[in-house]
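*Asks:* Pasting a structure below so you can have a look.
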Amino acid sequence: MKPGRVGAVRSYIFISFIRKQYRTAPPTLHDFSFQLPTPAQVAPPYIMGTFAKIVNIVAPKSNKSADGRDQWPSRAAFLLASMGGCAGMGNLLRYPSQTFNNHGLQWFIPYLMCVFLIAIPVLVLEIAIGQAYRGGCVVAYNNISHRLKGTGLSLIFVGTVVSPYFVVNLAWIMIYFRNSFRSPLPWTGRSEEFYMQDVVANVDPIPGNFSADGSSVTKYVEYPGVAVIGETVGWAIFTWFLVWVSIFRGVGLTGRVVYFTMGLPIVITFILIGRSLSLKNAARGVRFFWATWNGSQLSKGTIWQTACGQVFFSTGVGFGYFTSYASYNQKYSNAVMDSIMIVSSNVLFENVAAFIVYGVIGFLGITPGGGERLGSFVVGFITLPTAVTQMPGANFWAVMLFFTLMVLGYSSAFAMVDAIVTLIMDAHPRFSRPWVVTAVVVAFFCLTLPYCTEFGFYLLDGVDRWINDVGLVFVVWAECVTSTTLYRWRDVVGQVGLPAFLTFNGGFFGGMVLGVAIAQAVSPVAGACVGFGIFIIGLVAVILLGKTPDAAAPKWWNRSVFGSRVWFVALYSGNQLRRDLNEIVGQGTNWKIPAFWAPLVRYIAAPTLSIVYSFSYPSFYELRDDPLHIFGFAVGHIALIIIGAGLIVPRWFDILIPPPRRSEGHHDYGANVLVPADDAGSTSSVEPGNGSDQEAKKRGI
1 MKPGRVGAVR SYIFISFIRK QYRTAPPTLH DFSFQLPTPA QVAPPYIMGT FAKIVNIVAP
61 KSNKSADGRD QWPSRAAFLL ASMGGCAGMG NLLRYPSQTF NNHGLQWFIP YLMCVFLIAI
121 PVLVLEIAIG QAYRGGCVVA YNNISHRLKG TGLSLIFVGT VVSPYFVVNL AWIMIYFRNS
181 FRSPLPWTGR SEEFYMQDVV ANVDPIPGNF SADGSSVTKY VEYPGVAVIG ETVGWAIFTW
241 FLVWVSIFRG VGLTGRVVYF TMGLPIVITF ILIGRSLSLK NAARGVRFFW ATWNGSQLSK
301 GTIWQTACGQ VFFSTGVGFG YFTSYASYNQ KYSNAVMDSI MIVSSNVLFE NVAAFIVYGV
361 IGFLGITPGG GERLGSFVVG FITLPTAVTQ MPGANFWAVM LFFTLMVLGY SSAFAMVDAI
421 VTLIMDAHPR FSRPWVVTAV VVAFFCLTLP YCTEFGFYLL DGVDRWINDV GLVFVVWAEC
481 VTSTTLYRWR DVVGQVGLPA FLTFNGGFFG GMVLGVAIAQ AVSPVAGACV GFGIFIIGLV
541 AVILLGKTPD AAAPKWWNRS VFGSRVWFVA LYSGNQLRRD LNEIVGQGTN WKIPAFWAPL
601 VRYIAAPTLS IVYSFSYPSF YELRDDPLHI FGFAVGHIAL IIIGAGLIVP RWFDILIPPP
661 RRSEGHHDYG ANVLVPADDA GSTSSVEPGN GSDQEAKKRG I
């Protein structure tokens, strides 16, 4: 064959082989589709790199601790964020109204007692477990006992209910802020009408009726207005956007935001104090606060109940964000000192900020005890705006006032939302935090919409009253009693027996329940007698019927078998929780949780909260003709259901715990043996004690 033909044949064979190997199907529509270019393909690489650098500078990623958890950039950032959560609008509005209605220095006796006996002990609990157990509310309480997952979730539930309507309060403040740039101020001479008609813009309800003897409802309250108020929705969107911006990258970004949300309001607050105290007759108002004594009020239950409620609500325990924030601390931070600093700063701030309102009270000639009582809404939206209109440079002072209220409230809002985000990220660590924050914010905005309607003000009033008086109070009560009852309960049963354990706690809980019920139905004296009587019967039964413990009780409790039984059944769980937490939060020179902490939480804070809780039911009876109050009352009780479900069927809540950590709430038997948070749930970590005095001394009990 000629060379030319040989080449042609070879070419033909090669082309045929290629066609056979790479034969394609007929073209389809998919072959003609196109893809949008990515930003990196459109923009030059240096532009994208510069944009990424700017984002990382403005919204930096969080630092990581040794266990891989996000970490605050500094201790100051944690403290400011926590202070921002509790030092909100309530300090500037609610506290002055409560002290005005109970004016006089005698206010500080029940107030400071509640600070030291309730606020600080409960806050130490919330911060210590979050920091030691490295998780949000559900994870932390699961470490105390696997049956307390519902208790942890109930804290999140409270924040979930409060956040949507709290943002509506901020939306109303922003409406005032916008109108502060108009001259003259649009509420001049019509403060109350402007608030109710122009800002809230709700349609008046049609009153309900009771039967002649008051035993039944003959007609329920009706709310004819149902339309959505556009401006309120718009400002709610703006506020939720600010919340999203503040927390979408985690505590690295939040730790920077709080320097603004706490620092600037403090500066402006002092400016407002100076202006208020310079008003004519301001000293007269201040005297109502600091230079009056009404000792007779101490014999009335009202001032004690009000002081307890104020301390309880202004501190911010029960919303879950303290535990969530503490979980991002360095593991061995000084939790006890931090707790005291947070509560002390809150007390200081609200008492100093009260001078703003008291100067205005003297200026306007408002007198306590004359039948005129102040509430938070009255102070914030009527009293202070009225005073501003009478000042030179009214627009400037209006801008300063409402800007301060907005920033203070905004820091509380993103603290509550961050607790929910922490719950989700704990359960699903692989989720993208920005997407989780976005989903939560969108969902919460949808929950905000009912409060932006022409009946939203009344819905807010109904839900706010009962989620606080019923839900929040019960949740914190449950924190106090369950953590000091169920922590390492197998140790107690092993020492005194299950019958003694059940008998004592039946008397303890039964005494509280029946005591407050009879106090409301009959008289406080009768309730106290019944409550203490049931408790003492349970205690005597344990002394007589309990097993003899074979492990050592501390100090003089161990001098008799009866004292030893009482120690294990009444004090062991709380004290052991304290000791185990101190292995983490009390390291080195850190302040340790003191020995009296657990008895305070269990036997002072919890009974006090049960008394406060009992007042909610008589109050509701007077409002049972209002559908929105009925709804709020029902919502408040959902927290009780969540706690009960967690105690009875804890596995229902396992989805909220990452699988590797679900067993951490199952503590092995080992009386008097330290089980640090590092080893929670680990069988190998428990070394049985021999029950001797030497063992007890060695273990530090």
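Mapped onto UniProt numbering, the consecutive letters of the sequence shown carry residue numbers 1 to 701. Cβ coordinates follow ideal geometry from the N, Cα and C atoms, glycine included.
1) Compare the C-alpha of P429 against each of V139, M83, I118, A528 and name the closest.
2) Could you tell me which of E479, M196, F444, I109 sits nearest to W293, measuring between CA atoms?
3) Could you say which of Y111, F508, G135, Y613 lies nearest to W466 if we only look at CA atoms?
4) In the DSSP assignment, the alpha helix (DSSP H) including V481 goes from what residue to what residue?
5) Using three-state DSSP, classify I206 as helix, strand or coil.
6) Below 8 Å, how does it come out for the region 483-503 and the region 522-531: are there three or more Cβ pairs, yes or no?
7) Give the single residue among A415, A81, A398 whose Cα lies nearest to the Cα of T269.
8) One question on the structure: do A236 and A171 come within less than 8 Å of each other, judged by their Cβ atoms?
9) Name the DSSP beta bridge partners of K64, please?
10) Please give me, in chain order, every unbroken run of the alpha helix (DSSP H) with length at least 4 that falls completely inside the region 496-562.
11) Grab me the residues of P627's own chain with a C-beta within less than 7 Å of its C-beta, minus the 5 sequence neighbours each way, in chain order.
12) Please name the residue in D469, V336, V286 whose C-alpha comes closest to that of H637.
13) Verify whether the separation of the beta carbon atoms of T151 and G533 is less than 8 Å.
14) Can you grab the Cα-Cα spacing for the pair V267 / H666, in whole Å?
15) Could you spell out the range, first to last residue, of the beta strand (DSSP E) harbouring V221?
16) Shortest alpha-carbon distance to I303 belongs to which of F631, Q576, H103, R651?
17) Are W107 and A307 touching if we call contact CB-CB under 8 Å?
18) Compute the beta-carbon to beta-carbon distance between E583 and N142, rounded to the nearest angstrom, for a pair I have assumed lies under 8 Å.
19) For N169, count the other beta carbons within 10 Å of its own beta carbon; 16 or more makes it buried, fewer makes it exposed. Which is it?
20) Just list the residues that DSSP pairs T453 with in beta bridges.
21) Apply the 10 Å Cβ neighbour rule to G409 and answer buried if 16 or more other Cβ atoms are within range, or exposed otherwise.
22) Give me the Cα-Cα distance between L92 and T404, rounded to the nearest whole angstrom.
23) Leaving out the 5 sequence neighbours to the left and right, which residues in its chain are closer than 7 Å to S682 when beta-carbon positions are compared?
24) Less than 8 Å between the beta carbons of F260 and F402, yes or no?
25) Look up T306 in the DSSP assignment and say whether it is helix, strand or coil.
26) Beta-carbon within less than 7 Å of C452's beta-carbon, same chain only, minus the 5 sequence neighbours each way: which residues are those?
27) Going straight from the alpha carbon of V437 to that of I247, what length do you get?
28) With the cut-off set at 8 Å, would you say V311 and Y603 are in Cβ contact?
29) Check whether the Cβ atoms of G135 and S339 sit closer than 8 Å, and answer yes or no.
30) Classify C480 as buried or exposed, calling it buried when 16 or more other Cβ atoms lie within 10 Å of its own Cβ.
31) Tell me whether L125 sits in a helix, a strand or coil according to DSSP, three-state version.
32) Pull up the distance between the alpha-carbon of R287 and that of L374, whole angstroms please.
33) Identify which residue in L640, K300, E193 has its Cα closest to the Cα of F474.
34) Quick check on DSSP: helix, strand or coil for I593?
*Replies:* Checking against the coordinates, here is how it stands:
1) Looking at the Cα atoms, V139 is the closest of the given residues.
2) The option with the nearest alpha carbon to W293 is I109.
3) Y613
4) 473-486
5) strand
6) no
7) A398
8) yes
9) D70
10) 498-521, 524-545
11) Y220, V221
12) D469
13) no
14) Rounded to whole angstroms, V267 to H666 spans 49 Å at the Cα level.
15) Counting along the chain, V221 falls outside any beta strand (DSSP E), and DSSP gives it neither H nor E.
16) H103
17) yes
18) The pair is not a contact, with the Cβ atoms about 19 Å apart (cut-off 8 Å).
19) Buried, since its Cβ has 16 or more Cβ neighbours within 10 Å.
20) V228
21) buried
22) 10 Å
23) The predicted position of S682 is uncertain, since its pLDDT is 41 and thus under 50; a value taken from the coordinates is nonetheless stated next. Closer than 7 Å at the Cβ level, and outside the excluded window around S682, lies no residue.
24) no
25) Residue state, collapsed to three classes: helix.
26) Counting only Cβ-Cβ distances below 7 Å, and skipping sequence neighbours, we find V168, V228, I229, T232, V233, A236.
27) 7 Å
28) Note that the C-beta distance between V311 and Y603 is not below 8 Å.
29) Taking 8 Å as the Cβ cut-off, G135 and S339 do not qualify as a contacting pair.
30) By the 10 Å Cβ count, C480 comes out buried.
31) helix
32) 17 Å
33) L640
34) coil
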